[in-house]
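Novice: For reference, the structure I am asking about is given below.
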Amino acid sequence: MKKVFFLLVFVLYANHYVSGISFQICPFSGFEFGNISELVYENNVEVSELEWTQITPYIGITTKINLWNFLFDFTIKNAIPVALGRITDKDFSNAGSSYVSLYSEHNLITDKDYLFDLNIVYLFKINKLVAGLGISGFYSNLKMEAVDGYLQYPDDNTVWTGTENKDYLNGTSISYEQQKFAGGFYSIVQTNLQKFNLAFSFNIYPFIKVDCIDNHFFRSIQFLDNMTIGYCYRVNVIADWKISKNCILFFSVDYFYLEAFGTTSINPLGQINYGTRETKDSNNSATNESNFNFKAGFKLFL
């Protein structure tokens, strides 16, 4: 209660008025560097691990509408399809998660990766600073493919070492599609100077849903993951430089992290009737994701 009371007093005694009505369009482009891990457990023992390491260029646009103290911030971001990155696939023996029974490595192709992001924020002034608190949510959809590469099988009853003979592959071995829904809270603090400004923002999303389709074509098997337990967050730093009355150049760096847990079900690929889908209480899925985004763009005042 003391923390809530302090926050209310802090907001009430701050200078509430920030601005009148304004509209901004902010085109941008950048790169994302990071990785996604997909994990499958059986009876609490890890049996499979896929790790996708991405390097993805993208373009996007942000629309900002200021209505006095309220900011509506909506972003659309879309990746440029490229063949950059690697994927590793490890299967583990029943002896435990430290024993690899199959290893493969492939080139990564990003087929699609788009994001819709919304922040609704209440802003207030504190001397030379502008601060804000609000709500936030996003939807993203990603599809990647593992192409070419090689397989390595250790000898019977031995552990994979990486020195085994490589069986080279052609074509698409694995496809992975993921969609994420998230809702949470947003906070921002930024300077309020004439020419140059810095902003720091933080998003925390305690409400998430992650759905994945993981197709293994050579094994003719499909994994369907449904994960609703977990969280994610984003930390962002932006530097602004005003180059004219109606134009601001900006640079941004952000870090994103996600953990999610749930269940997985298994289908044979090519099956017409999916009514025989296998779902076991002993089979669980998990994913974790971390990436850095570097972008630059312009804020255009209309």
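Numbering-wise (numbering that gives the first Met the number 0), the sequence shown opens with residue 0 and increments by one.
Glycine included, C-beta positions come from ideal geometry on N, C-alpha and C.
Nothing here was measured: the structure is a model prediction, and the numbers come from that model.
Given this structure, state the Cα-to-Cα distance separating residue 285 from residue 35, to the nearest angstrom.
Specialist: Cα to Cα, residue 285 sits roughly 11 angstroms from residue 35.
Novice: Quick check: the Cα distance between residue 84 and residue 19, rounded to an integer number of angstroms?
Specialist: The straight-line gap from Cα to Cα measures roughly 46 angstroms.
Novice: In chain order, which beta strand (DSSP E) runs of at least 3 residues are fully inside the segment 46–87?
Specialist: Correct list: 69–78.
Novice: Which residues in the same chain have their Cβ closer than 6 angstroms to the Cβ of residue 138, if we skip the five residues on either side of it in sequence?
Specialist: Hits under 6 angstroms: 115, 180.
Novice: With a cut-off of 8 angstroms, do at least 3 Cβ pairs link the segment 120–130 to the segment 180–191?
Specialist: The segment 120–130, when compared against the segment 180–191, does touch it at the 8 angstroms Cβ threshold.
Novice: Just the C-alpha distance for residue 200 and residue 52, rounded to the nearest angstrom, thanks.
Specialist: Their backbone Cα atoms lie some 26 angstroms apart in a straight line.
Novice: Measure the alpha-carbon distance for residue 255 versus residue 172 and round it to whole angstroms.
Specialist: Residue 255 and residue 172: Cα-Cα distance of roughly 28 angstroms.
Novice: Give the DSSP bridge partners of residue 122, in chain order.
Specialist: According to DSSP, residue 122 bridges with 131.
Novice: Check whether the segment 289–298 and the segment 238–252 touch, using three or more Cβ-Cβ pairs below 8 angstroms as the test.
Specialist: Enough Cβ pairs lie closer than 8 angstroms, so yes.
Novice: Can you give me the C-alpha to C-alpha distance between residue 298 and residue 134, rounded to a whole angstrom?
Specialist: Cα to Cα, residue 298 sits roughly 22 angstroms from residue 134.
Novice: Measure the C-alpha to C-alpha separation of residue 167 and residue 152 and round it to an integer number of angstroms.
Specialist: Cα to Cα, residue 167 sits roughly 12 angstroms from residue 152.
Novice: Pick out the complete alpha helix (DSSP H) segments inside the segment 225–273, 4 residues or longer, and give them in chain order.
Specialist: Listed in chain order, there is nothing to give.
Novice: Tell me residue 282's beta-bridge partners as DSSP assigns them.
Specialist: Bridge partners of residue 282: 41.
Novice: Could you name the residues of the same chain whose beta carbon sits closer than 6 angstroms to that of residue 247, not counting the 5 residues immediately before and after it, in chain order?
Specialist: Cβ within range, chain order: 239, 241, 298.
Novice: Taking C-beta to C-beta, are residue 377 and residue 105 nearer than 8 angstroms?
Specialist: Residue 377 falls outside the range modelled here, since the chain spans only 0 to 301, and no answer is possible.
Novice: DSSP state of residue 157, grouped into three classes?
Specialist: In this structure, residue 157 counts as coil in the three-state DSSP scheme.
Novice: Under 8 angstroms, do residue 257 and residue 229 count as touching if we go by C-beta distance?
Specialist: Cβ atoms of residue 257 and residue 229: closer than 8 angstroms.
Novice: With a 10 Å radius around its C-beta and 16 neighbouring C-beta atoms as the bar for buried, classify residue 44 as buried or exposed.
Specialist: Exposed is the call here.
Novice: Short check: CB of residue 78 to CB of residue 124, under 8 angstroms?
Specialist: Not in contact: residue 78 and residue 124 (Cβ atoms no closer than 8 angstroms).
Novice: For residue 90 and residue 244, I'd like the C-alpha separation in whole angstroms.
Specialist: In a straight line, the C-alpha of residue 90 is about 58 angstroms away from that of residue 244.
Novice: Would you kindly work out how many angstroms separate the C-alpha atoms of residue 163 and residue 47, rounded to a whole number?
Specialist: Those two C-alpha atoms are separated by around 19 angstroms.
Novice: Considering just the uninterrupted stretch of the beta strand (DSSP E) at residue 214, what are its terminal residues?
Specialist: That run of the beta strand (DSSP E) goes 195–215.
Novice: Could you tell me whether the Cβ atoms of residue 122 and residue 197 are closer together than 8 angstroms?
Specialist: Not a contact, by the Cβ cut-off of 8 angstroms.
Novice: Can you tell which of 118, 113, 62 has its C-alpha closest to the C-alpha of residue 296?
Specialist: Considering only alpha carbons, the answer is 62.
Novice: Considering just the uninterrupted stretch of the beta strand (DSSP E) at residue 186, what are its terminal residues?
Specialist: 171–190 is the span of the beta strand (DSSP E), which, as asked, contains residue 186.
Novice: What residue from 118, 175, 264 has the CA that sits closest to residue 202's CA?
Specialist: Comparing Cα-Cα distances from residue 202 to each of 118, 175, 264, the minimum goes to 118.
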